[in-house]
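Student: Chains as they are written, first to last, in the numbering used here: chain A, 22 to 124; chain B, 40 to 255; chain C, 3 to 102.
All C-beta atoms, glycine included, are put in the ideal place defined by N, C-alpha and C.
(1) Is the distance from the Cβ of residue 47(C) to the Cβ of residue 40(C) below 7 Å?
(2) Mind pulling the beta strand (DSSP E) runs of 3 or more residues that sit fully within the segment 49–114 of chain A?
(3) Does DSSP put residue 155(B) in a helix, a strand or coil?
(4) Have a look at the DSSP bridge pairing and note the partners of residue 93(B).
(5) Just to check my reading of the structure: residue 49(C) and residue 81(A) have Cβ atoms closer than 8 Å, yes? What is that Cβ distance to the nearest angstrom?
(6) Within a Cβ cutoff of 7 Å, which residues of the same chain sit near residue 47(A), ignoring the five residues on either side of it in sequence?
(7) For residue 7(C), which residues of its own chain have a beta-carbon under 8 Å away from its beta-carbon, when the five flanking residues on both sides are left out?
(8) Within 7 Å of any Cβ in chain A, is that where the Cβ of residue 206(B) sits?
(9) Using CA atoms only, rank isn't needed, just tell me which of 82(C), 9(C), 68(C) is closest to residue 57(B).
(10) Chain A beta carbons: is any one of them nearer than 7 Å to that of residue 58(C)?
(11) Between the alpha carbons of residue 241(B) and residue 228(B), how many angstroms are there, rounded?
(12) Could you tell me the distance, in whole angstroms, from the CA atom of residue 162(B) to the CA atom of residue 94(B)?
(13) Using the rule of at least 16 other Cβ atoms within 10 Å of the residue's Cβ for burial, across every protein chain shown, is residue 118(B) buried or exposed?
(14) Across which residues does DSSP place residue 135(B) in a beta bridge pair?
(15) Closer than 8 Å by C-beta to residue 78(A): which residues in its own chain qualify, once you throw out the five before and the five after it? Chain order, please.
(16) What do you reckon, are the CB atoms on residue 218(B) and residue 55(A) nearer than 7 Å?
(17) Between the beta-carbon of residue 145(B) and the beta-carbon of residue 114(A), is there less than 7 Å?
(18) Just confirm the distance between the C-beta atoms of residue 98(B) and residue 32(C), as a whole number of angstroms; I'd bet it's less than 8 Å.
(19) So for residue 147(B), helix, strand or coil by DSSP?
(20) Output, in sequence order along the chain, the residues in the segment 87–115 of chain B whose CB is closer than 9 Å to any CB in chain C.
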């Protein structure tokens, strides 16, 4: 097996190109979803694979079952008020499936 | 690192007396050694890797991608696998290589902490870990790049990558004109660390006979 | 409400110090210590990040390696690798070596 960044995620909910929205939620504890994209709509850029949930790992749990991680692409003009730059500017990051809903 | 209680720890002479956190860190390490959790040798070995091995890798990999289009294609598809085939074990880093083109410029950040492809590039620069970089580059990348002396044409789009979870990123810059026929070593010499994070653009020097790019 | 002091992407801020100031010797060693522990999964990177976030307001008052050192300390005490008292005693012993 090649040491790839990708581990398969056949049970995933989303696919490349899907429009998604990041949940507006501010739970206590360790999260890897930055506030600045909460409530924003983006597109699935790639499926990164399945990984143990960092929100659980952070407290000494094993993070199983694994959660699907996606790269999501957002238009900067949709993320920020008064973004100074062209429409083609994007911001991309990794978001766990449980933070996403279909847009 | 000796455990002789009369032997002071190695430090740089110019640093002044050790601060509270330096002492805390050394004390923690010693306790862990005494408890058999780790050895001084393991820590020393890691220091060596970070100092001597990791910082050289990034520029070599990207120089190879510039020289070998098939490798570059594999790198862009699956960077960790491409590096592994080439003989480079990136350990825990799951790497994604993002390519600059005439239309697109990429820049990397970790807004939530300081995630960085350490096994490929070594330690992140202090500015990368700084709160102001983490705060601002996602919202105003052009203004931030300008602070680094990098100005992009208005028809170039910027993509900011916030490495906020399990992936790590490296930028594949555009190969500048004037580097035709260069060896991989010469190419690597202009692929400074800052160009691989995306705040700088590699430059071929004006007198193209001898590359004079300095490693960041 | 932003509970996580690390969640700062997009905040307005002043100029960036674009010079790389590198690492002092002890910081290189602290980094190697952290890396030794995480590579052997003795602690997880996620736990260290969370421990840094748990510093709350203090997060902003500490420089990078001060923060990671305190987070490491708190985490190692939490996980039972040593007690605060043991660490304090060791700190005193280490301090004496620099200033006998």
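Tutor: Let me spell this out:
(1) Residue mapping note: residue 47(C) aligns to position 45 of the third chain, counting from 1. Residue mapping note: residue 40(C) aligns to position 38 of the third chain, counting from 1. Going by C-beta atoms, residue 47(C) is nearer than 7 Å to residue 40(C).
(2) Segments of the beta strand (DSSP E) lying fully in the segment 49–114 of chain A: 62–72, 88–96.
(3) Counted from its first residue, the second chain places residue 155(B) at position 116. Under the three-state reduction of DSSP output, residue 155(B) falls in the coil class, being neither helix nor strand.
(4) The count along the second chain starts at 1 and reaches residue 93(B) at position 54. DSSP lists no beta-bridge partner residue for residue 93(B).
(5) As a position in the third chain, residue 49(C) is number 47, starting the count at 1. As a position in the first chain, residue 81(A) is number 60, starting the count at 1. Going by Cβ atoms, the distance from residue 49(C) to residue 81(A) rounds to 7 Å, so yes, they are a contact pair.
(6) Start at 1 with the first residue of the first chain, and residue 47(A) comes out as number 26. Excluding sequence neighbours, residue 47(A) sits near nothing in its chain.
(7) The residue labelled residue 7(C) in the question sits at position 5 within the third chain. Counting only Cβ-Cβ distances below 8 Å, and skipping sequence neighbours, we find 55, 57, 58, 59, 61, 62.
(8) Taking the second chain and counting its residues from 1, the one referred to as residue 206(B) is at position 167. It does: the Cβ of residue 206(B) has a partner Cβ on chain A nearer than 7 Å.
(9) Stepping through the second chain from its first residue, residue 57(B) is reached at position 18. Minimum Cα-Cα distance from residue 57(B) among the listed residues 82(C), 9(C), 68(C) corresponds to 68(C).
(10) Numbered from 1 along the third chain, position 56 holds the residue referred to as residue 58(C). Residue 58(C) does not count as touching chain A.
(11) The residue given as residue 241(B) occupies position 202 in the second chain. The residue given as residue 228(B) occupies position 189 in the second chain. The straight-line gap from Cα to Cα measures roughly 9 Å.
(12) Within the second chain, the letter at position 123 stands for residue 162(B). Within the second chain, the letter at position 55 stands for residue 94(B). The C-alpha of residue 162(B) lies about 8 Å from the C-alpha of residue 94(B).
(13) Numbered from its first residue, the second chain carries residue 118(B) at position 79. By the beta-carbon neighbour count (other beta carbons within 10 angstroms, threshold 16), residue 118(B) is buried.
(14) For the purposes of this step, residue 135(B) is identified with residue 96 of the second chain, where counting begins at 1. Its beta-bridge partners are 208(B).
(15) Residue 78(A) sits at position 57 when you count from the first residue of the first chain. So the qualifying residues of the chain are 84.
(16) Along the second chain, read from residue 1 onward, the residue named residue 218(B) stands at position 179. Along the first chain, read from residue 1 onward, the residue named residue 55(A) stands at position 34. Result no, Cβ atoms of residue 218(B) and residue 55(A) do not sit closer than 7 Å.
(17) The residue you call residue 145(B) lines up with position 106 of the second chain. The residue you call residue 114(A) lines up with position 93 of the first chain. The Cβ atoms of residue 145(B) and residue 114(A) do not sit closer than 7 Å to each other.
(18) Start at 1 with the first residue of the second chain, and residue 98(B) comes out as number 59. Start at 1 with the first residue of the third chain, and residue 32(C) comes out as number 30. Their Cβ separation, rounded to whole angstroms, is 26 Å, which puts residue 98(B) and residue 32(C) out of contact at 8 Å.
(19) Taking the first residue of the second chain as position 1, residue 147(B) is located at position 108. In this structure, residue 147(B) counts as strand in the three-state DSSP scheme.
(20) If the cut-off is 9 Å between Cβ atoms, the segment 87–115 of chain B has 87, 88, 89, 90 near chain C.
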